[in-house]
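If you want the numbering used here, it's the position in the sequence shown, counting the first as 1, plus 4.
Just so you know, even glycine gets a beta-carbon here, dropped at the ideal spot from N, CA and C.
The structure presented is a predicted model; accordingly, all values stated were derived computationally and were not measured.
Everything below concerns the one structure shown next.
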Amino acid sequence: MTIADSGSIDLGGKSVHRLGFGAMRITGPGIWGPPRDHDEAIRVLRRAVELGVTFIDTADSYGPDVSEDLIREALHDGSGYGDVVIATKGGFTRIGPDRWVALGRREYLRQCVLMSMRRLGVEQIDLWQLHRIDPNTPRDEQFGELKAFLDEGLIKQVGLSEVSVEDVRQAQAAGLPVASVQNRYNLGDRRAENLVDFCTEQGIAFIPWAPVDAGALARPGGPLDQVAGAHPGVTTGQLALAWLLRRSPVIVPIPGTSSVGHLEENLLAADVQLTDDEFATLTKAV
Numbered sequence: 005m006t007i008a009d010s011g012s013i014d015l016g017g018k019s020v021h022r023l024g025f026g027a028m029r030i031t032g033p034g035i036w037g038p039p040r041d042h043d044e045a046i047r048v049l050r051r052a053v054e055l056g057v058t059f060i061d062t063a064d065s066y067g068p069d070v071s072e073d074l075i076r077e078a079l080h081d082g083s084g085y086g087d088v089v090i091a092t093k094g095g096f097t098r099i100g101p102d103r104w105v106a107l108g109r110r111e112y113l114r115q116c117v118l119m120s121m122r123r124l125g126v127e128q129i130d131l132w133q134l135h136r137i138d139p140n141t142p143r144d145e146q147f148g149e150l151k152a153f154l155d156e157g158l159i160k161q162v163g164l165s166e167v168s169v170e171d172v173r174q175a176q177a178a179g180l181p182v183a184s185v186q187n188r189y190n191l192g193d194r195r196a197e198n199l200v201d202f203c204t205e206q207g208i209a210f211i212p213w214a215p216v217d218a219g220a221l222a223r224p225g226g227p228l229d230q231v232a233g234a235h236p237g238v239t240t241g242q243l244a245l246a247w248l249l250r251r252s253p254v255i256v257p258i259p260g261t262s263s264v265g266h267l268e269e270n271l272l273a274a275d276v277q278l279t280d281d282e283f284a285t286l287t288k289a290v
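Following this line, the structure appears as structure tokens:
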């Protein structure tokens with residue numbers, strides 16, 4: 005396994021491998037509370053880094069707080085995280101299991117950043133992302149506060165989550181240098197296709213969540229299953245990740261899991277090489 009084969013991209017002030025890890029699933033059911041197996045969650049995080057993962061994505065709402073606390077427990081070396089970039093998010097508060105509410109008031113966003121710094125044990129967050137744009141708070145207020153975080157040195161880079169091309173343009177027009185965008189996007193869900201193209205043109209990192217979910221394309225006899233027949237031992241999930249890595253040089257997939265075995269399976273996608281015909285077949289198979 006060579007994670008470096010996934011390619012690299014600059015994020016959080018460092019060059020990171022493009023196949024990262026999403027730390028949502030190391031929390032409890034409904035992304036609420038502690039994991040069922042605390043020790044396995046710690047092993048997953050440490051094993052990811054052992055295998056070459058240098059980009060980990062989390063959020064203050066995962067748990068809430070639990071994911072960030074586990075990351076610090078597993079990976080903080082007393083002074084920081086070394087070559088590993090820890091990206092987190094805020095502005096999406098929790099009111100219960102599987103219940104999320106956007107909250108973008110200036111004072112709340114500042115609290116999110118300061119508390120994430122405290123939980124992660126850092127003086128500056130590598131990449132902080134607005135988890136959702138709050139429709140009930142003026143955008144200028146939200147974007148202005150994010151710009152203030154950059155100016156004050158609380159964060160190195162800023163990103164946006166679940167946005168449109170126009171949302172990104174509005175943020176840029178407000179003076180916000182958007183370093184990353186995080187939307188749902190995978191082989192079976194291409195609704196963010198134009199956003200991927202926009203990010204590719206702009207050199208903005210695109211971090212797809214739910215990257216392995218290929219839906220009906222992964223069914224027996226489907227396109228993924230057929231391509232898998234030419235790759236003995238390769239799973240449809242690995243093929244879905246390999247397609248994302250080839251789709252654009254700015255895509256940074258973050259498959260998540262609470263199992264070391266599943267983690268290792270996902271990361272093997274870095275070794276999968278699709279032929280031109282296979283890539284074209286999967287690209288057309290929406």
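- Environment of arginine 29 [buried if 16+ CB atoms lie within 10 Å]: Against the sequence shown, residue 29 aligns to sequence position 25. Buried is the call here.
- Message: Less than 8 Å between the C-beta atoms of aspartate 61 and alanine 91, yes or no?
- Response: Sequence index remark: in the sequence shown, residue 61 carries index 57 (1-based). Sequence index remark: in the sequence shown, residue 91 carries index 87 (1-based). Remark: C-beta atoms of aspartate 61 and alanine 91 approach each other more closely than 8 Å.
- Item | Own chain partners of cysteine 203 with C-beta closer than 6 Å, once the 5 adjacent residues on each side are dropped | What you label residue 203 is simply residue 199 of the sequence shown in a count that begins at 1. Val185, Phe210 and Val254, listed in sequence order.
- Have a look at the DSSP bridge pairing and note the partners of threonine 92. Within the sequence shown, the letter at position 88 stands for residue 92. Trp132.
- Message: Give the list of continuous alpha helix (DSSP H) stretches no shorter than 4 residues that lie fully inside the stretch 127-207.
- Response: The qualifying runs are 143-155, 169-177 and 197-206.
- Message: Quick check: phenylalanine 96 and histidine 135, are their CB atoms within less than 8 Å of each other?
- Response: Position 92 of the sequence shown, counting from 1, holds the residue named residue 96. Position 131 of the sequence shown, counting from 1, holds the residue named residue 135. With a cutoff of 8 Å on beta-carbon distance, phenylalanine 96 and histidine 135 are scored as near each other.
- Query: Under three-state DSSP, which class holds serine 65?
  - Reply: Taking the sequence shown and counting its residues from 1, one reaches residue 65 at position 61. Three-state DSSP puts serine 65 in coil, outside helix and strand.
- Give the DSSP bridge partners of lysine 18, in chain order. Along the sequence shown, one-based indexing puts residue 18 at 14. For lysine 18, which the question treats as bridged, DSSP gives the partners Leu15.
- Item | In DSSP terms, what alanine 106 is bridged to | Within the sequence shown, numbered from 1, the residue matching residue 106 stands at position 102. Alanine 106 is bridged by DSSP to Phe96.
- Just how far apart, CA to CA, sit leucine 23 and serine 83? Taking the sequence shown and counting its residues from 1, one reaches residue 23 at position 19. Taking the sequence shown and counting its residues from 1, one reaches residue 83 at position 79. Distance between the alpha carbons of leucine 23 and serine 83 is about 25 Å.
- Message: I need the DSSP call for glycine 241, collapsed to helix, strand or coil.
- Response: The count along the sequence shown starts at 1 and reaches residue 241 at position 237. Residue state, collapsed to three classes: helix.
- Tell me, please, whether the CB atom of histidine 135 is closer than 8 Å to any CB atom in chain D? In the displayed structure, chain D is absent; only one protein chain is listed.
- For histidine 235 and arginine 122, the rounded distance between their alpha carbons: The count along the sequence shown starts at 1 and reaches residue 122 at position 118. The count along the sequence shown starts at 1 and reaches residue 235 at position 231. Taking the straight line joining both Cα atoms gives about 45 Å.
- Query: What is the DSSP secondary structure of isoleucine 30, counted as helix, strand or coil?
  - Reply: By one-based count along the sequence shown, residue 30 stands at place 26. Assignment of isoleucine 30 by DSSP, reduced to helix, strand and coil, places it in the coil class.
- Item | Whether valine 290 touches arginine 47 by CB criterion (8 Å) | Taking the sequence shown and counting its residues from 1, the one referred to as residue 290 is at position 286. Taking the sequence shown and counting its residues from 1, the one referred to as residue 47 is at position 43. Contact flag unset, no.
- Hey, could you find the ends of the alpha helix (DSSP H) valine 310 is sitting in? Not covered by the structure: residue 310. The range shown for the chain is 5 to 290.
- Beta-bridge partners of tryptophan 213, as assigned by DSSP: The count along the sequence shown starts at 1 and reaches residue 213 at position 209. Tryptophan 213 pairs with Arg188.
- Query: For leucine 158, which option in Pro139, Cys116, Gly179 and Gln230 has the closest C-alpha, if you only look at C-alpha atoms?
  - Reply: Start at 1 with the first residue of the sequence shown, and residue 158 comes out as number 154. Minimum Cα distance to leucine 158 is reached at Cys116.
- Message: Short of 7 Å in beta carbon distance, which residues of its chain neighbour leucine 107, apart from the five on each side in sequence? Order them along the chain.
- Response: Your numbering for residue 107 matches position 103 in the sequence shown. Only Gly95, Thr97 and Asp138 meet the Cβ criterion.
- For the putative contact between threonine 240 and aspartate 229, defined by C-beta atoms under 8 Å, what is the C-beta separation to the nearest angstrom? Translated into the one-based positions of the sequence shown, residue 240 becomes position 236. Translated into the one-based positions of the sequence shown, residue 229 becomes position 225. The pair is a contact, with the Cβ atoms about 6 Å apart (cut-off 8 Å).
- Query: Between the Cα of leucine 271 and the Cα atoms of Leu150, Pro259, Val89 and Asp281, which residue gives the shortest distance?
  - Reply: Translated into positions along the sequence shown, residue 271 becomes position 267. It is Pro259.
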